[in-house]
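A.B. asks: Just so you know, the protein sequences line up as chains A and B, in that order. All residue numbers in the first sequence are consecutive under this note's numbering, ending with 210. All residue numbers in the second sequence are consecutive under this note's numbering, ending with 1507.
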Amino acid sequence: MSERYEIRFSGSGGQGMILAGIIMAEAASIYGTKNAAQSQSYGPESRGGASKAEVIISDQPIDYPKATSISCMLAMTQEACDKYHGDIKEGGILLVDAEEVRKIPEGRFRVYSYPIIGAARDELGKTIAANIVSLGMITELTGIVTHEAIERAVLARVPAAFLDLNRKALQLGFDKAKELKKK
Amino acid sequence: MAENKKKLLQGNEACVEGALYAGCRFYAGYPITPSTEIAEGMSVRLPRVGGKFIQMEDEIASIAAAIGASIAGLKSLTATSGPGFSLKQECLGYACLAEIPLVVVNVMRGGPSTGYPTGPSQADIMQAKWGTHGDHPVIAVTPSYVQEILSETVRAFNLAEKYRTPVIVLYDEIIGHMREPVTIPAPGELDVVDREKATCDADDYFPYDERYEIAPLAPFGAGYRFHVTGLNHRKDGFPTNDPRQIDLNNRRIMRKIDNHREEIWKNEETFLEDAEVAVFTLGSTARSARFAVNKAREAGIKAGLLRPLTIWPFPDRAVTELSKRVKAIIVPEMNLGQMTLEVERCSKKADVIGIHRVDGEPITPAQILDVIKKHK
């Protein structure tokens, strides 16, 4: 199981967690050279409710498509953080939105807290880009895909009118994660 | 950076690719989670290849429209999930008796009734076999991987065309909604079967000609006169009360599948040569099982996996033979024991142990590995 790298994106329905998972899987398997399997779970409501997307990345063929021992988890809401952090493995990474997740769960993993949604709002003028900021941060924190692969994957998935916004969002994520790592 | 030709596709998107590859040119459906992406994909893609997409008023009308299009000569598809699959049963039986090629996809979600729309299950395995009344033939294929949804959808169309019967593509929400890199096969890479054409004079044509095991099906409107009905019928398709005729036809529609089980069956075997304990399962649960079997092998346990890609007709022979060689057959399934019963029926010597889960969560590799360890 050591060769599986598992990432969980969690938040509430409508925050783009599933899209973030799809883009990460494409960065790894289409614009990179690894295998990837992306799955999700969400409730019957189309907005709200805890939602999660998971990406398994491996050099080997991937059988079980769900996360069991998470290397990196993103939590964009307190509810999602509480509900889904239990599978983070020892030494793994938990990245949370600092404004949404006030109660940090205890565990033997590294926690990075940053106001992701706030940064998207204040620095990009679009809270909707928060999921792309988080992709930049996860790429920087984990190194599981290259900057180039994630950028190509992001730009291939977003509408043409928003290419510039998303490029900036990704760069913002790289930069902020770099600062967090120094602390 | 190396860019491969693969695309990251959702299981349901791969189903669309498979249907189009097979030459499907008609889709009628009514959207339902977790199958809706098939309807969405077909609505975008079919018009580009000269096909027709229609969203009908409900699931019953959808399968009826697909049957009509198939009689007119088009390869036709409808897709749904449990509640819709229940509604389609009457017409499914109609297509069995009237011998209309058709592919019906059921992306299984939690049931019964409206159940758990966004959660997976494998609880429609028996419904696929016995959902419609009367003795009738059923072919159901069961992919486990996104790439395999594409190729098994092609195989489903091929079987439908060859045997003039509806074929069910049965997979769970997990593989319907998950995404994996998929290579779209080049034209010619996978076999594509078209139904046999009628070549005789119109006066000599009978759609249920007793001289054939499977008579050619002439497209309606091509000059061949015949009747299509859900009543027991004569060779020209008109209703009959003749006991000899009714018996002949009822037995023939079963025989045309039974006689070709070898060709319809498809199993994948992993580490079965020297296995002492085997797992039998399909769909996403087979992915958990393969993971568990690999872990068991790493721990020195002689475990193996028998994975059916055709669940109906049930792979009796493979299970019987396996049961003579292993101590136990473990049957994990996201239902309360539908396949387990079938495996028990076929197993001659081995213990049969079911693992069942109906909480909308997948059966994990760890759950299966625990049972393997107990029965090694």
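Even for Gly, the Cβ is constructed at its ideal location relative to N, Cα and C.
Does DSSP classify S1166(B) as helix, strand or coil?
C.D. replies: In the structure shown, S1166(B) sits in coil (DSSP, three-state: anything other than H, G, I, E or B).
A.B. asks: Within a Cβ cutoff of 6 Å, which residues of the same chain sit near V1450(B), ignoring the five residues on either side of it in sequence?
C.D. replies: V1474 and C1477
A.B. asks: Are the beta-carbon atoms of I159(A) and V138(A) separated by less than 7 Å?
C.D. replies: Taking 7 Å as the cut-off, the Cβ atoms of I159(A) and V138(A) do not count as close.
A.B. asks: Please check the pair G1485(B) and T1471(B), which I expect to be a contact at CB under 8 Å, by giving their CB distance rounded to whole angstroms.
C.D. replies: 4 Å
A.B. asks: Classify E1292(B) as buried or exposed, calling it buried when 16 or more other Cβ atoms lie within 10 Å of its own Cβ.
C.D. replies: buried
A.B. asks: To the nearest angstrom, how far is it from the Cα of I1315(B) to the Cα of A1145(B)?
C.D. replies: C-alpha of I1315(B) to C-alpha of A1145(B): approximately 9 Å in a straight line.
A.B. asks: Report yes or no: is there a C-beta of chain A within less than 7 Å of the C-beta of P1178(B)?
C.D. replies: no
A.B. asks: Under the rule that 16 or more other beta-carbon atoms within 10 Å means buried, what is A1133(B), buried or exposed?
C.D. replies: Residue placement at A1133(B) is flagged as unreliable, the pLDDT there being 42, under the threshold of 50; a coordinate-derived value is accordingly withheld.
A.B. asks: Roughly how many angstroms lie between the CA atoms of P1338(B) and F1411(B), to the nearest whole one?
C.D. replies: Rounded to whole angstroms, P1338(B) to F1411(B) spans 40 Å at the Cα level.
A.B. asks: State yes or no: is the C-beta of K25(A) within less than 7 Å of the C-beta of P1493(B)?
C.D. replies: Coverage of chain A is limited to positions 28 through 210, which leaves residue 25(A) absent and any answer about it impossible.
A.B. asks: Anything in chain B within Cβ reach of G70(A), meaning under 7 Å, just list it in chain order.
C.D. replies: Residues of chain B whose Cβ lies closer than 7 Å to the Cβ of G70(A) are, in chain order, T1249.
A.B. asks: Determine which residues share a DSSP beta bridge with F36(A) and list them.
C.D. replies: Bridge partners of F36(A): A80(A) and L101(A).
A.B. asks: Which whole runs of the beta strand (DSSP E) in the segment 1250–1311 of chain B are 3 residues long or more, in chain order?
C.D. replies: The segment 1250–1311 of chain B contains these whole beta strand (DSSP E) runs: 1270–1272 and 1297–1303.
A.B. asks: Count the other C-beta atoms from every protein chain shown that fall within 10 angstroms of the C-beta of L1467(B), then say buried if there are 16 or more, exposed otherwise.
C.D. replies: exposed
A.B. asks: Tell me which residue opens and which closes the beta strand (DSSP E) that V1234(B) is part of.
C.D. replies: L1233 to G1241
A.B. asks: Would you check if the segment 1423–1440 of chain B and the segment 1360–1378 of chain B touch, i.e. whether three or more CB-CB distances between them fall below 8 Å?
C.D. replies: Too few Cβ pairs lie closer than 8 Å, so no.
A.B. asks: What does DSSP give as the partner residue(s) for V1175(B) in the beta ladder?
C.D. replies: Bridge partners of V1175(B): none, in fact.
A.B. asks: Could you pull out every residue in the same chain whose Cβ sits closer than 7 Å to the Cβ of N1135(B), ignoring the five residues on either side in sequence?
C.D. replies: At N1135(B) the pLDDT is 48, less than 50, meaning the model places this residue with poor confidence; the figure from the coordinates comes in the next sentence. Within the same chain, N1135(B) has no close Cβ partners at all.
A.B. asks: For a contact meaning CB atoms closer than 9 Å, what does R1326(B) contact in chain A?
C.D. replies: Within chain A, no residue comes near R1326(B); the closest Cβ sits about 36 Å away, beyond 9 Å.
A.B. asks: Does the segment 1387–1396 of chain B come within contact of the segment 1357–1368 of chain B, defined as at least 3 CB pairs closer than 8 Å?
C.D. replies: no
A.B. asks: Rounded to a whole number of angstroms, what is the C-alpha to C-alpha distance between F201(A) and P186(A)?
C.D. replies: 21 Å
A.B. asks: Below 8 Å on the Cβ atoms is my guess for I1395(B) versus H1267(B); work out the distance and round it to an integer in Å.
C.D. replies: Actually they do not touch by this definition, with Cβ atoms about 15 Å apart.
A.B. asks: So is Q65(A) in contact with chain B if we call contact Cβ pairs under 7 Å?
C.D. replies: For Q65(A), at least one C-beta of chain B is nearer than 7 Å to its own C-beta.
A.B. asks: Could you name the residues of chain B that D90(A) contacts, counting a contact when the two beta carbons are closer than 7 Å?
C.D. replies: R1418, R1421 and F1422
A.B. asks: Output yes if chain A places a C-beta closer than 7 Å to the C-beta of M1470(B); else output no.
C.D. replies: no
A.B. asks: Can you give me the C-alpha to C-alpha distance between G1224(B) and I1305(B), rounded to a whole angstrom?
C.D. replies: Counting only the Cα atoms, I1305(B) lies some 28 Å from G1224(B).
A.B. asks: Spell out whether any CB of chain A is found under 7 Å from the CB atom of D1335(B).
C.D. replies: no
A.B. asks: One question on the structure: do L1080(B) and V1300(B) come within less than 7 Å of each other, judged by their Cβ atoms?
C.D. replies: Residue 1080(B) cannot be examined here, being either before or after the span of chain B that is shown, 1132 to 1507.
A.B. asks: On the CB-based measure, 16 or more other CB atoms within 10 Å of its CB, does P1178(B) come out buried or exposed?
C.D. replies: exposed
A.B. asks: Is there a Cβ of chain B sitting closer than 7 Å to that of A52(A), yes or no?
C.D. replies: The beta-carbon of A52(A) is placed less than 7 Å from the nearest beta-carbon of chain B.
A.B. asks: By the criterion of Cβ-Cβ separation under 8 Å, what are the contact partners of H1308(B) in chain A?
C.D. replies: S66 and Q67
A.B. asks: I need the DSSP call for N62(A), collapsed to helix, strand or coil.
C.D. replies: strand
A.B. asks: Using a Cβ-Cβ cutoff of 8 Å, what residues of the segment 1472–1499 of chain B are near chain A? List them in chain order.
C.D. replies: Answer set for the segment 1472–1499 of chain B: P1493, T1495, P1496 and A1497.
A.B. asks: Between S98(A) and E33(A), is the Cβ-Cβ spacing less than 7 Å?
C.D. replies: yes
A.B. asks: Could you compute how far the alpha carbon of S37(A) sits from the alpha carbon of D109(A)?
C.D. replies: 10 Å
A.B. asks: Quick check on the DSSP output: the alpha helix (DSSP H) that includes D1389(B) runs from which residue to which?
C.D. replies: P1374 to D1389
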